[in-house]
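Asker: First to last, the sequence lines map onto chains A and B.
For the first sequence, the numbering used here begins at 1 and goes up steadily by one.
For the second sequence, the numbering used here begins at 1001 and goes up steadily by one.
Pasting a structure here, questions to come.
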Amino acid sequence: MNLTLKIWRQKDAQSKGQMVDYPIKGIEGDMSFLEMLDVLNEELINKGEEPVEFDHDCREGICGTCSLQINGEPHGPDRLITTCQLHMRKFNDGDTIVIEPFRATAFPVIKDLIVDRSAFDRIQQAGGYISVNTSGNTVDANAIPIDKHTADEAMDAATCIGCGACVAACKNASAMLFTSAKVSQFALLPQGQVEAVDRVQNMVRQMDLEGFGNCTNTGACEVECPKGISLENIARMNREYLSATVKG
Amino acid sequence: MSGLTKSSIARKVVMALSGLFLVFFLGQHFVINVTSVIAPDTFNSWSHFMGYNGLVQFILQPILIAGVIIHFVMGIVLELQNNKARAIKYKKYNGGANASWMSRNMIITGLVVLAFLGLHMYDFWIHEMDYKYISGNPEDPTRYLEETIHKFEPIWRTLLYVISFVLLALHLWHGFASSFQSMGVNNKYSPAIQTFTKIYAIVIPLGFIFIALYHHFNPITH
């Protein structure tokens, strides 16, 4: 298929970017979206032009590295997949595809389509962990019985790959879904109770400090999340936060 | 407790609590208004009670006004912060693909409802303040229905009320159930809350529209 790509090009973090049109021919439906960009980049390099910079790593939907706002949606029009899992058969011959970086003040553009998502790392560092003795005397996690339903819920929250699609999709650029998944995966388990009060307070504080917007419960994050992280996690984080605030 | 006034979650909870309070007030207001159609004497008697009862006038009314102000101010604060959180906008943003129009445009529906409140206060509250405290008129428990019907004589005012109630319905459609999510309620009762929200968001505004149209088309002829 033949396509027209409208891609955000930005030399570096300080430069002002712009949309640039690239016609591309001979794209096959079985190609992934990133493979299509690889084809474009080969053409650009052969012509002596600067290739389009974009994030990618595992290309299996696991690592959360790829991003891209495609035709106004993070990870494109398909559901429960990352950009690397998006196939070109989802598009039609002659289509124009608009490709932009994930937009949020807390995710500044580094170059072209690559954004700095280290704000997520700092939220995680603020409390997304449990303190355990790893000096050789580690207690077996399975020593504490946990019912399957709870274990499944915690695992569902833990499947968040931190790609940032929730922020990109949200009209307010809110990071509540990400933060709530990272709070929930511990809040649901007995091992997470010891640091529960500090965890939720510190992670929410860091989230606010990073400049993410406020959640207005539109639900866009849940729809666009490649791992199907549920809004129930946000409600759980709200409960945890209110409870932690009362406890002091 | 200071964190409760500074964090994004606290702001959500303030919006939710003030919103739920206003939703409750709306229901109570509707019950009184519907009597203007089905039981005129009851409408006059209840209106007179609301207008002269000390608890209503000097405690509940200031609380209600505070609720409106808090909900409005916090809504504006959230909107400004949210705009700042995405300083550079998308060239193409397909918001309709993943969220309802109502949920994405609460600020628009909210501002229209606020503008309506301005008109509504001018129509009834300021008139009432003038009648009681400035002009110093005597108590008259029979005047309320006639005054209300007179207000709906001009078609422009009736239409403004109708349009405002449509926008109020859109605001409630998202806001009511959203309040529960903000306060951490997302469980087996949530589908029932969603259903009740949709019924409330349709029935109450539609009821207010009916009352406005009823009085417009049934003017006092004497």
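The beta carbon of each residue, even a glycine, is placed where N, CA and C say it ideally should be.
Would you list, in chain order, the members of the stretch 1038-1067 of chain B that have their beta-carbon closer than 9 Å to a beta-carbon of chain A?
Answerer: none
Asker: According to DSSP, is Glu-35(A) helix, strand or coil?
Answerer: One-based indexing of the first sequence puts residue 35(A) at position 35. Of the three classes helix, strand and coil, the one that applies to Glu-35(A) here is helix, per DSSP.
Asker: Since I believe Ala-157(A) is in contact with Leu-185(A) (beta carbons under 8 Å), could you give me their beta-carbon distance rounded to a whole number of angstroms?
Answerer: Looking up residue 185(A) in the first sequence gives position 185. Looking up residue 157(A) in the first sequence gives position 157. What sits at residue 185(A) in the sequence shown is Gln, not Leu. That pair is a contact at about 4 Å.
Asker: Under DSSP, the beta strand (DSSP E) around Leu-3(A) begins and ends at which residues?
Answerer: In the first sequence, the residue the question calls residue 3(A) occupies position 3. Counting along the chain, the beta strand (DSSP E) containing Leu-3(A) begins and ends at 3-9.
Asker: Less than 8 Å between the CB atoms is what I'm expecting for Ala-212(A) and Ser-174(A), so what's the real figure, rounded?
Answerer: Position 212 of the first sequence, counted from the start, is the residue given in the question as residue 212(A). Position 174 of the first sequence, counted from the start, is the residue given in the question as residue 174(A). Correcting the residue identity first, residue 212(A) is Phe in this sequence and not Ala. With 8 Å as the limit, Phe-212(A) and Ser-174(A) qualify as a contact, their Cβ atoms being about 5 Å apart.
Asker: Is Cys-166(A) buried or exposed, if buried means 16 or more other CB atoms sit within 10 Å of its CB?
Answerer: Along the first sequence, one-based indexing puts residue 166(A) at 166. Buried: at least 16 other Cβ atoms inside 10 Å.
Asker: With a cut-off of 9 Å, does the C-beta of Ala-1087(B) fall near any C-beta of chain A?
Answerer: The residue labelled residue 1087(B) in the question sits at position 87 within the second sequence. The beta carbon of Ala-1087(B) sits closer than 9 Å to some beta carbon of chain A.
Asker: Where Met-1(A) and Thr-82(A) are concerned, what is the direct C-alpha to C-alpha distance, given to the nearest angstrom?
Answerer: Here residue 1(A) refers to the residue found at position 1 of the first sequence. Here residue 82(A) refers to the residue found at position 82 of the first sequence. Near 22 Å, if we compare the C-alpha coordinates of Thr-82(A) and Met-1(A).
Asker: Using the beta-carbon count (16 or more within 10 Å), is Phe-1049(B) buried or exposed?
Answerer: Within the second sequence, the letter at position 49 stands for residue 1049(B). Label assigned to Phe-1049(B): exposed.
Asker: Short of 7 Å in beta carbon distance, which residues of its chain neighbour Ala-1016(B), apart from the five on each side in sequence? Order them along the chain.
Answerer: Locating residue 1016(B) in the second sequence gives position 16, where the first residue counts as 1. Closer than 7 Å at the Cβ level, and outside the excluded window around Ala-1016(B), lie Ser-1179, Ser-1182 and Met-1183.
Asker: Only counting the same chain, and skipping five residues up and downstream in sequence, which positions put a Cβ closer than 7 Å to that of Thr-150(A)?
Answerer: Locating residue 150(A) in the first sequence gives position 150, counting from the first residue. Once the five neighbours on either side are set aside, the close Cβ partners of Thr-150(A) are Leu-188.
Asker: Tell me which residue opens and which closes the alpha helix (DSSP H) that Thr-245(A) is part of.
Answerer: Locating residue 245(A) in the first sequence gives position 245, counting from the first residue. Run containing Thr-245(A): 232-247, per the alpha helix (DSSP H) assignment.
Asker: Residues of chain A with CB closer than 7 Å to the CB of Arg-1104(B), please, in chain order.
Answerer: Within the second sequence, the letter at position 104 stands for residue 1104(B). Neighbours of Arg-1104(B) on chain A, chain order: Lys-171 and Thr-218.
Asker: For chain A, find out if any of its Cβ atoms is closer than 9 Å to the Cβ of Gly-1003(B); answer yes or no.
Answerer: Position 3 of the second sequence holds residue 1003(B). Annotation note: pLDDT 46 at Gly-1003(B) (below 50); position unreliable, no value reported.
Asker: Please list, in chain order, the chain A residues whose beta carbon lies closer than 9 Å to that of Met-1183(B).
Answerer: The residue labelled residue 1183(B) in the question sits at position 183 within the second sequence. Neighbours of Met-1183(B) in chain A, taken as residues at a C-beta separation under 9 Å, are given in chain order as Ala-235, Asn-238, Arg-239 and Leu-242.
Asker: So, is the C-beta of Asp-12(A) closer than 9 Å to a C-beta in chain B?
Answerer: If you number the first sequence from 1, residue 12(A) lands on position 12. Chain B contact via Cβ: absent.
Asker: So what does Gln-193(A) bridge to, in DSSP terms?
Answerer: As a first step, residue 193(A) must be located in the first sequence, where it is residue number 193. DSSP lists no partner for Gln-193(A).
Asker: Assuming Ser-1100(B) contacts Arg-205(A) (C-beta within less than 8 Å), just tell me the rounded distance between them.
Answerer: The residue you call residue 1100(B) lines up with position 100 of the second sequence. The residue you call residue 205(A) lines up with position 205 of the first sequence. Between Arg-205(A) and Ser-1100(B) the Cβ distance is about 31 Å, and since that is not below 8 Å, they are no contact.
Asker: Since Gly-162(A) contacts Phe-120(A) with CB under 8 Å, what's their CB separation in whole angstroms?
Answerer: As a working mapping, residue 162(A) is identified with position 162 in the first sequence. As a working mapping, residue 120(A) is identified with position 120 in the first sequence. About 5 Å; that satisfies the 8 Å criterion.
Asker: May I ask you to list, following chain order, the residues of the stretch 58-70 of chain A that have a beta carbon less than 7 Å from some beta carbon of chain B?
Answerer: Gln-69
Asker: So which of Asn-1083(B), Leu-1172(B) and Val-1034(B) has the shortest CA-CA distance to Leu-1145(B)?
Answerer: Within the second sequence, the letter at position 145 stands for residue 1145(B). Closest by alpha carbon: Val-1034(B).
Asker: Do Lys-90(A) and Pro-77(A) have their C-beta atoms within less than 9 Å of each other?
Answerer: Position 90 of the first sequence, counted from the first residue, corresponds to residue 90(A). Position 77 of the first sequence, counted from the first residue, corresponds to residue 77(A). Contact flag set, yes.
Asker: Chain B partners of Glu-50(A), CB-CB under 7 Å?
Answerer: Counting from one through the first sequence, the residue named residue 50(A) turns up at place 50. Here the premise fails: no neighbours, minimum Cβ distance about 20 Å.
Asker: Go to Glu-50(A), then tell me how far its alpha helix (DSSP H) extends in each direction, as first and last residue.
Answerer: Taking the first sequence and counting its residues from 1, one reaches residue 50(A) at position 50. Careful: Glu-50(A) lies outside any alpha helix (DSSP H) and carries neither H nor E.
Asker: What did DSSP end up calling Gly-96(A) once you bin it into helix, strand or coil?
Answerer: Start at 1 with the first residue of the first sequence, and residue 96(A) comes out as number 96. The sequence shown places Thr at residue 96(A), rather than the Gly named in the question. Strand.
Asker: Spatial neighbours of Val-1203(B) within its chain, please: CB distance less than 7 Å, with the 5 preceding and 5 following residues excluded, ordered by chain position.
Answerer: As a working mapping, residue 1203(B) is identified with position 203 in the second sequence. So no residue of the chain qualifies.
Asker: How is Gln-14(A) classed by DSSP in three states: helix, strand or coil?
Answerer: In the first sequence, the residue the question calls residue 14(A) occupies position 14. Residue state, collapsed to three classes: coil.
Asker: Quick check on the burial criterion: 16 or more other C-beta atoms within 10 angstroms. Buried or exposed for Asp-30(A)?
Answerer: Position 30 of the first sequence, counted from the start, is the residue given in the question as residue 30(A). The residue is exposed, with fewer than 16 neighbouring Cβ atoms inside 10 Å.
Asker: Are the Cβ atoms of Ile-219(A) and Ser-1103(B) separated by less than 9 Å?
Answerer: Looking up residue 219(A) in the first sequence gives position 219. Looking up residue 1103(B) in the second sequence gives position 103. Checking the sequence, you will find Gly at residue 219(A) rather than Ile. Yes, the pair counts as a contact, with Cβ atoms nearer than the cut-off.
Asker: Checking 9 Å against the spacing of the C-beta atoms, do Lys-11(A) and Asp-21(A) come in under that value?
Answerer: Within the first sequence, the letter at position 11 stands for residue 11(A). Within the first sequence, the letter at position 21 stands for residue 21(A). Taking the C-beta atoms as reference points, Asp-21(A) is found no nearer than 9 Å to Lys-11(A).
Asker: Please classify Gly-29(A): does DSSP put it in a helix, a strand, or coil?
Answerer: Counted from its first residue, the first sequence places residue 29(A) at position 29. Coil, per DSSP.
Asker: What does the alpha-carbon distance come out to for the pair Leu-1004(B) and Ile-45(A)?
Answerer: Taking the second sequence and counting its residues from 1, one reaches residue 1004(B) at position 4. Taking the first sequence and counting its residues from 1, one reaches residue 45(A) at position 45. With a pLDDT of only 45 at Leu-1004(B), under 50, the local geometry of the prediction cannot be trusted, and the value read off the model is given with reservation. Straight-line Cα distance between these residues: approximately 54 Å.
Asker: Thinking just about the alpha-carbon of each residue, which of Ser-1190(B), Tyr-1052(B) and Gly-1095(B) is nearest to the one in Glu-1128(B)?
Answerer: By 1-based counting over the second sequence, the position of residue 1128(B) is 128. Comparing Cα-Cα distances from Glu-1128(B) to each of Ser-1190(B), Tyr-1052(B) and Gly-1095(B), the minimum goes to Tyr-1052(B).
Asker: To test your reading of the DSSP string, which unbroken alpha helix (DSSP H) runs of 4 or more residues are found completely within the stretch 1033-1105 of chain B?
Answerer: 1040-1052, 1061-1084 and 1101-1104
Asker: Please confirm whether Ile-249(A) and Asp-57(A) have their CB atoms less than 9 Å apart.
Answerer: Residue 249(A) is absent from the structure shown; chain A starts at 1 and stops at 248.
Asker: Beta-carbon within less than 7 Å of Ser-1002(B)'s beta-carbon, same chain only, minus the 5 sequence neighbours each way: which residues are those?
Answerer: Reading the second sequence from its first residue, position 2 is the one you call residue 1002(B). Only weak support is given to the placement of Ser-1002(B): the predicted model assigns it a pLDDT of 45, under 50, and the value that follows is read from those uncertain coordinates. So no residue of the chain qualifies.
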